[in-house]
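Below is one structure, written out as structure tokens, with a few remarks after it.
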Amino acid sequence: MNTIEKSGNLTKKGTLQKRKINTNTLEDTDDNKRQLVDKNDTSEESFQEKIDSNPQVKKHLIVSIGTQAYVALPRGPIVPDHALILTIGHHQSWISCPEYVRSEIEEYKSRLKRMYAAQDKAMVTFERNLKTQHYQLQVVPVPFSVAAEVKQVFLELSANTDFSPCELKPVPRRTELDEVCFVNFRGLTLKFFSKKCIQYKLKICRVGIPYFFVELPTGEKLFGRIPKDRISSANLQFGRIVLTDPRILNCPEKADWHDCIDEEDEETDLAKHFRKMFSPFDVNDDDNDIE
Numbered sequence: 698m699n700t701i702e703k704s705g706n707l708t709k710k711g712t713l714q715k716r717k718i719n720t721n722t723l724e725d726t727d728d729n730k731r732q733l734v735d736k737n738d739t740s741e742e743s744f745q746e747k748i749d750s751n752p753q754v755k756k757h758l759i760v761s762i763g764t765q766a767y768v769a770l771p772r773g774p775i776v777p778d779h780a781l782i783l784t785i786g787h788h789q790s791w792i793s794c795p796e797y798v799r800s801e802i803e804e805y806k807s808r809l810k811r812m813y814a815a816q817d818k819a820m821v822t823f824e825r826n827l828k829t830q831h832y833q834l835q836v837v838p839v840p841f842s843v844a845a846e847v848k849q850v851f852l853e854l855s856a857n858t859d860f861s862p863c864e865l866k867p868v869p870r871r872t873e874l875d876e877v878c879f880v881n882f883r884g885l886t887l888k889f890f891s892k893k894c895i896q897y898k899l900k901i902c903r904v905g906i907p908y909f910f911v912e913l914p915t916g917e918k919l920f921g922r923i924p925k926d927r928i929s930s931a932n933l934q935f936g937r938i939v940l941t942d943p944r945i946l947n948c949p950e951k952a953d954w955h956d957c958i959d960e961e962d963e964e965t966d967l968a969k970h971f972r973k974m975f976s977p978f979d980v981n982d983d984d985n986d987i988e
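Taking this note's numbering, the leading residue of the sequence shown gets 698, the next gets one more, and so forth.
This is the structure:
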């Protein structure tokens with residue numbers, strides 16, 4: 698029986714409790730059942746149900762499993778080391794994730810960034826909170842040589858194309874999306890008062906509001922609320938369209954993941970290679986035994 702020995706919750710002394718996951722019962726499913734995550738629930742059955750409840754991920758693509766989040770490869774990746782970070786429990790978006798879940802997501806981001814940097818690559822992440830039921834962060838490496846182009850292409854295509862879900866705007870680096878900030882009448886978020894414009898306090902985003910969010914290799918952030926009149930016309934592949942643009946990864950044929958799906962055995966080999974590559978950077982490596 699294949700098992701994954703998983704890290705559970707911290708005890709009062711700070712030691713990690715262990716749990717074992719039977720991967721033989723992690724069957725792929727289209728079941729749309731959703732469950733609220735219990736922070737203290739580390740049972741084998743609960744974990745399997747939470748994985749099964751997310752039809753976006755296939756078990757053979759799982760790379761690393763934490764306590765609240767896990768890393769997997771997407772179907773139809775843009776590049777071989779394109780990854781996803783997902784929550785184990787049901788959280789629709791970053792906005793709805795509690796702090797202890799966000800912390801683990803950030804830890805995974807940090808370690809993936811280090812892995813990419815060791816390969817002379819920069820990391821771009823984006824989240825599309827539109828027509829989704831489960832949090833999913835796309836993590837895509839780009840060569841350092843084109844990293845500076847990413848911001849401009851996102852801004853340009855978001856402002857000048859009909860398929861864009863919204864117009865993206867810069868937000869301060871250290872600002873959370875649910876943080877109360879000062880916003881001027883043009884919708885540009887600021888952390889300080891300015892005598893040149895009228896401002897008011899406003900949360901950048903709230904639970905239930907559709908949005909698109911990007912973190913750039915420079916640490917800068919781009920954000921846009923998706924208007925109601927764009928929901929039906931927005932291309933769900935917008936983030937991929939930007940990154941496959943000739944100015945960045947130059948592979949427009951991979952803009953739609955449906956057009957570049959590999960056979961399952963090829964996906965399995967790709968996931969094994971990624972696990973080996975990520976292993977030196979993975980805090981959960983000693984706890985994962987994924988076959």
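All C-beta atoms, glycine included, are put in the ideal place defined by N, C-alpha and C.
Here the structure is a predicted model, which means the values were calculated and not measured.
{"Check": "Rounding to the nearest angstrom, what Cα-Cα distance links Gln816 and Pro840 in this structure?", "Outcome": "9 Å"}
{"Check": "Between Thr764 and Glu801, which are expected to be in contact by the criterion C-beta below 8 Å, what is the C-beta distance as a whole number of angstroms?", "Outcome": "6 Å"}
{"Check": "Starting from the C-beta of Tyr690, find all residues in its chain whose C-beta is less than 7 Å away, skip the five residues before and the five after it, and write them out in chain order.", "Outcome": "Residue 690 is absent from the structure shown; the chain starts at 698 and stops at 988."}
{"Check": "Specify whether the region 947-965 and the region 786-803 touch according to this definition: at least 3 beta carbon pairs, one from each stretch, less than 8 Å apart.", "Outcome": "no"}
{"Check": "Please report the distance separating the alpha-carbon of Ile906 from that of Lys973.", "Outcome": "38 Å"}
{"Check": "Under a Cβ-count criterion, where at least 16 other Cβ atoms within 10 Å of its own Cβ denotes burial, should Gly786 be classed as buried or exposed?", "Outcome": "buried"}
{"Check": "Cα-Cα, which of Lys810, Thr784 and Ala968 is closest to Leu913?", "Outcome": "Lys810"}
{"Check": "Check whether the region 848-866 and the region 933-949 touch, using three or more Cβ-Cβ pairs below 8 Å as the test.", "Outcome": "yes"}
{"Check": "Between the beta-carbon of Ser930 and the beta-carbon of Asp859, is there less than 8 Å?", "Outcome": "yes"}
{"Check": "So, with DSSP's three-state summary, where would you put Leu919?", "Outcome": "strand"}
{"Check": "In whole angstroms, give me the CA-to-CA distance for Val980 and Ala856.", "Outcome": "39 Å"}
{"Check": "Where does Glu804 fall in DSSP's three states?", "Outcome": "helix"}
{"Check": "Please go through the same chain and pick out, in chain order, the residues whose beta-carbon is closer than 7 Å to the beta-carbon of Ala968, but skip the five residues on each side of it.", "Outcome": "His757, Leu758, Val760 and Leu770"}
{"Check": "From Ile958, Leu834 and Lys925, pick the residue whose C-alpha is nearest to that of Leu783; which is it?", "Outcome": "Leu834"}
{"Check": "Which residues does DSSP list as the beta-bridge partners of Tyr767?", "Outcome": "Ile762 and Leu783"}
{"Check": "Starting from Asn857, trace the alpha helix (DSSP H) in both directions and tell me its first and last residue.", "Outcome": "Glu846 to Asn857"}
{"Check": "How far does the alpha helix (DSSP H) with Arg825 in it extend, from its first residue to its last?", "Outcome": "From DSSP, Arg825 is part of no alpha helix (DSSP H) but of the beta strand (DSSP E) over Lys818 to Asn826."}
{"Check": "Leaving out five residues on either side along the sequence, give the residues of the same chain with a beta carbon under 8 Å from the beta carbon of Phe971.", "Outcome": "Val760, Leu770, Pro777, Asp778 and Ala780"}
{"Check": "Report the three-state DSSP secondary structure of Val776 (helix, strand or coil).", "Outcome": "coil"}
{"Check": "Which first and last residues belong to the beta strand (DSSP E) in which Glu960 is found?", "Outcome": "Note, Glu960: premise wrong, no beta strand (DSSP E); not H, not E."}
{"Check": "I believe Val868 touches Lys806 by the beta-carbon criterion, under 8 Å. Please report the beta-carbon distance rounded to the nearest angstrom.", "Outcome": "Actually they do not touch by this definition, with Cβ atoms about 17 Å apart."}
{"Check": "Using the C-alpha atoms, what's the distance from Lys925 back to Phe978?", "Outcome": "41 Å"}
{"Check": "Out of Leu854, Ser793 and Cys863, point me to the one whose CA is closest to Arg927's CA.", "Outcome": "Cys863"}
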